[in-house]
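The sequence shown: position 278 = 1593 (my numbering), numbered continuously. We put the beta carbon where it would ideally sit given N, CA and C, even for glycine.
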Amino acid sequence: MKATANGGQRERLVIVGNGMVGHHCVEQLVERGALARFEVRVFGEERQRAYDRVHLSEYFAGSCAETLAMCEGGFYDRHGVHLHLGEAVLEIDRASCEVVTAEGRYGYDQLVLATGSYPFVPPIEGSSGTARLVYRTLDDLDAIRAAASDTRRGVVVGGGLLGLEAANALKSLGLEAHVVEFAPRLMPVQLDGEGGAALKAQIEALGVGVHLSRATQSISAGEHYRYRMNFDGGESLETDLIVFSAGIRPQDALGRACGLEIAQRGGVVIDNDCRTSDAQIFAIGECASWNGSVFGLVAPGYSMARNLAALLLGEAASPFTGADMSTKLKLLGVDVGSIGDAHGATPGSRSYRFIDEANAAYRRLVVDASGKHVLGAVLVGDNSYYDTLLQYCQNGIALPADPAALILPQGGGAPALGADALPDTATICSCHNVSKGAVCAAIDSGCGDLAAVKRCTKAASGCGGCAALLKQVFEHELTARGVTVDKSLCEHFSYTRQELYGLVRVEGIRTFNDLLERHGQGHVGCDICKPAVGSILASCWNQPIMDAALVPLQDTNDTFMANMQKNGTYSVVPRIPGGEITPDKLIVIGQVAKKYDLYTKITGGQRIDLFGAQLHELPLIWGELIEAGFETGHAYGKSTRTVKSCVGSTWCRYGVQDSVAMALRLEDRYKGLRSPHKLKFAVSGCTRECAEAQSKDIGVIATDKGWNLYVCGNGGMRPRHAELFATDLDDEQLVRLIDRVLMFYIRTADKLQRTSVWRESLEGGLDYLKAVILDDSLQIAAELEAQMQHVVDQYECEWANALNDPEKLKRFRTFVNDRRADPDVHFVREREQRRPAAPLHLIPTVEEAV
1316 MKATANGGQR ERLVIVGNGM VGHHCVEQLV ERGALARFEV RVFGEERQRA
1366 YDRVHLSEYF AGSCAETLAM CEGGFYDRHG VHLHLGEAVL EIDRASCEVV
1416 TAEGRYGYDQ LVLATGSYPF VPPIEGSSGT ARLVYRTLDD LDAIRAAASD
1466 TRRGVVVGGG LLGLEAANAL KSLGLEAHVV EFAPRLMPVQ LDGEGGAALK
1516 AQIEALGVGV HLSRATQSIS AGEHYRYRMN FDGGESLETD LIVFSAGIRP
1566 QDALGRACGL EIAQRGGVVI DNDCRTSDAQ IFAIGECASW NGSVFGLVAP
1616 GYSMARNLAA LLLGEAASPF TGADMSTKLK LLGVDVGSIG DAHGATPGSR
1666 SYRFIDEANA AYRRLVVDAS GKHVLGAVLV GDNSYYDTLL QYCQNGIALP
1716 ADPAALILPQ GGGAPALGAD ALPDTATICS CHNVSKGAVC AAIDSGCGDL
1766 AAVKRCTKAA SGCGGCAALL KQVFEHELTA RGVTVDKSLC EHFSYTRQEL
1816 YGLVRVEGIR TFNDLLERHG QGHVGCDICK PAVGSILASC WNQPIMDAAL
1866 VPLQDTNDTF MANMQKNGTY SVVPRIPGGE ITPDKLIVIG QVAKKYDLYT
1916 KITGGQRIDL FGAQLHELPL IWGELIEAGF ETGHAYGKST RTVKSCVGST
1966 WCRYGVQDSV AMALRLEDRY KGLRSPHKLK FAVSGCTREC AEAQSKDIGV
2016 IATDKGWNLY VCGNGGMRPR HAELFATDLD DEQLVRLIDR VLMFYIRTAD
2066 KLQRTSVWRE SLEGGLDYLK AVILDDSLQI AAELEAQMQH VVDQYECEWA
2116 NALNDPEKLK RFRTFVNDRR ADPDVHFVRE REQRRPAAPL HLIPTVEEAV
């Protein structure tokens, strides 16, 4: 049924597969007006319409199928597309040009295969009795959730991208998770040996067991767990649940059965137009094989879909000639990036490597033989370098004189390339093939905000990895056109966090609803503005966060005033100011831990963490601790955490000042102070620096003349030394300056911005900060001190407040109508089996530590 020039009968276009690529093909056809020419019919084997498989792991974090859907419910009907969900195509009859399902036969003039791939399950003896769980669809995830309901340990077979996602899913379900990988490293396709080692160290530090170079020979009954996985070489691992994620295979069964040409390693063979060996049949996405390669990322599939839509309409279509497989990921919270020739396979290529064993971070930069252009890169632990390196690689931008500078620690990723340095042809979004020129064209056509640019170009609507770069280009281009850049907090508030803070202060606003009514829009907030405003209100007025008007603004930890752990229990952290504690209080902590069967851990901040408390136990535990004289340690909040100290002049023969007394004073003053991010202090009694003050947000080091103040340092994945701010201060001067620095930070920082990042973002740097704080250049010093004093005067232990309020205590019931624990939840403790936090080769020797 060929289309006629006068608009006769439409051609019949059948698309088999309603995954991300098949749906994108439909979107492209709709956008290009193809429904006037084609009658489009789409078949999906699953019951759900197309959903976002890239973010599949969010399903375990609370997202529902509807949240992950690629379009609203009425999209297909509204555009006249016939969608057949839960109706698998069983056969292609090429002779009659029909596809066959259990419901009937449907004719086609053009047929598109977008059947994707299926998980490969190795032929392991005994695996048929393990329920053969895989990690691919929403139904698969439902099956994993059901299987995990009465298990303790789960194992994922496969250490690639999906395997690590599956391990994260098992962790989120409260299981002890392990990964078994046949190759000698994790993610062997994307990472080299050193990158794989760094990733392994980070994942093991998160409590996931990693077993490399393991070939599972058979699966038998276990002694302590349900199954035993028997490895080549005699080793074994017992588990209750096994998820297979050992790679994917092209879903090419329909093509095979109807006689289409199939590649040697699987996949329906296609040419540069995505056409198969049958001129009426096309294949796109993971079911297709181009030049012997199958592309397992969404971006190449989208590229095929775009090119095919243009071809079907007779428009100029760019031939498909392969795809860039660069990718930026976050696996179990760990950044991983792979760009271009990550393994340095190009003849003559050379590599620069940065290895940080202390933090299990790794970066590799691969350059060509001339040393002038980037060929590829590997990143583990910090993807802030990714966008810059990708642009150097994709656009052939000449390297700086010292290429290694691109991967050496900078405090903020690789030296920013700058949006102005990118050519118009630079790819901003690889998923939707959006160039910088396309972004500029969208702005010129009237897109005045980032949301409009995203709608117009679809940039950042695929995997989302280009969001930061898109924002940078957008804001640069607006500025270049003389337009003031909108830096609204979110769609509900057309203000920055700094501006909202000013409004709350000046107008005395004390509730979110009041602020929304006066200065916002809409009836409810969102996950961006609610916690940001909650932090601002707490920083200004220091009201108990459990007050009814403030509870909806808090995240999970603040809502229950405890840190939720990976198994669903909570930690209890009483305040131990300066690390000083009496024997009686130590005994109380021990008694409470023993009574409630809690795991105890002395932290790096000189406190004792109690792990494993169930929700209903929290008020009971805190009741006993508060009766013994303890207060909440605010370990759950973006607030002052600890003030670490050495023993100082009281005991140490090197001490020149009483560091313990000063630590006690600072912690007592700033306890409960809410801020854009967590705050850590330290006080050292001499320059030997035993309290490690120079790695803290506020660091104090004693001299024989007083105190030296250091500001804006932090540890973690991207450590930054604090900077010397003032010297030889007496006690009162020190406290006064800390008041000013912290309140100025709270007033001007962005949401969730650490002091280190805030300091780096200040125009004028440290000199500007000194001028404001030391010289009072803005004439606000007295105001800052007064605001801090108000917060100090308002302090109240949040747990003591909650224990005195029956309404607040209702929040700590597992069931609304029952005070008891959940009888279906059982906790198994295995303290004696704890592993080191990092592989032994990453733990420094005594000589290295000194």
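What's the C-alpha gap between residue i and residue j?
i: S1886; j: A1877; result: 6 Å
i: E1326; j: A1632; result: 20 Å
i: S1999; j: K1881; result: 34 Å
i: V1329; j: E1576; result: 20 Å
i: D1547; j: L1852; result: 60 Å
i: T1591; j: G1574; result: 11 Å
i: H1526; j: A1516; result: 12 Å
i: E1812; j: A1847; result: According to the sequence shown, residue 1812 is Arg rather than Glu. Distance between the alpha carbons of R1812 and A1847: 7 Å.
i: V1369; j: L1448; result: 19 Å
i: G1334; j: D1650; result: 26 Å
i: Y1985; j: T1955; result: 6 Å
i: Q1324; j: G1752; result: 38 Å
i: A1578; j: F1875; result: 56 Å
i: M1879; j: F2127; result: 13 Å
i: H1394; j: G1388; result: 12 Å
i: H1838; j: V1819; result: 19 Å
i: W2073; j: V1331; result: 51 Å
i: P1438; j: H1539; result: 25 Å
i: D1702; j: T1416; result: 45 Å
i: D1567; j: G2080; result: 59 Å
i: I1459; j: G1893; result: 45 Å
Would you mind stating whether residue i and residue j have Cβ atoms separated by less than 9 Å?
i: L1479; j: I1596; result: no
i: G1652; j: A1624; result: no
i: G1524; j: K1486; result: no
i: V1695; j: A1720; result: no
i: N1872; j: L1647; result: no
i: L1704; j: G1659; result: no
i: S1960; j: A1997; result: yes
i: L1453; j: Y1366; result: yes
i: I1743; j: S1750; result: yes
i: I2061; j: Y1816; result: yes
i: L2052; j: I2088; result: yes
i: V1396; j: R1356; result: yes
i: W2114; j: T1947; result: yes
Among the options, whose alpha-carbon lies nearest the alpha-carbon of residue i?
i: P1889; options: R1621, E1939, L1485; result: E1939
i: L1628; options: R1984, E2100, H1339, G1348; result: G1348
i: Y2025; options: E2078, R1968, K2085, L1793; result: K2085
i: R1580; options: A1594, I1563, A2037, V1449; result: I1563
i: R1467; options: L1490, R1460, A1481; result: L1490
i: C1386; options: R1770, Y2083, T1897; result: R1770
i: G1663; options: A1673, D1671, G1686; result: G1686
i: L1476; options: L1644, G1537, A1403; result: L1644
i: L2067; options: R1460, V1436, A2115, C1844; result: C1844
i: E1354; options: E2078, Y1707, Y1421; result: Y1421
i: T1636; options: L1400, T1642, A1603; result: A1603
i: D1829; options: V1494, T1794, L1865, M1640; result: L1865
i: D2045; options: N2029, L2039, W2022; result: W2022
Counting along the chain, where does the beta strand (DSSP E) carrying residue i start and finish?
i: N2023; result: 2021 to 2026
i: E1553; result: 1551 to 1554
i: H1526; result: 1524 to 1526
i: S1999; result: 1994 to 1999
May I ask which residues mark the beginning and end of the alpha helix (DSSP H) holding residue i?
i: Y1707; result: 1701 to 1710
i: S1850; result: 1844 to 1856
i: E2098; result: 2096 to 2108
i: N2116; result: 2113 to 2118
i: I1722; result: Element bounds for I1722: n/a, residue is neither H nor E.
Could you pull out every unbroken beta strand (DSSP E) segment of at least 3 residues lying fully inside the segment 1653 to 1682, listed in chain order? 1665 to 1671, 1676 to 1682
In the segment 1574 to 1622, which residue ranges form an unbroken beta strand (DSSP E) of at least 3 residues, counting only runs that do not cross its ends? 1583 to 1585, 1596 to 1598, 1603 to 1605
What runs of the beta strand (DSSP E), each 3 residues or longer, lie entirely inside the segment 1887 to 1955? 1914 to 1917, 1923 to 1928
List, from N- to C-terminal side, the beta strand (DSSP E) runs of 3 residues or more that fit wholly inside the segment 1373 to 1453. If we require 3 residues or more, the beta strand (DSSP E) runs fully inside the segment 1373 to 1453 come out as 1397 to 1400, 1404 to 1408, 1413 to 1416, 1419 to 1422, 1425 to 1428, 1432 to 1434.
Runs of alpha helix (DSSP H) lying entirely within the segment 1464 to 1509, each at least 4 residues, in chain order: The segment 1464 to 1509 contains, as complete alpha helix (DSSP H) runs of 4+ residues, the segments 1476 to 1487 (chain order).
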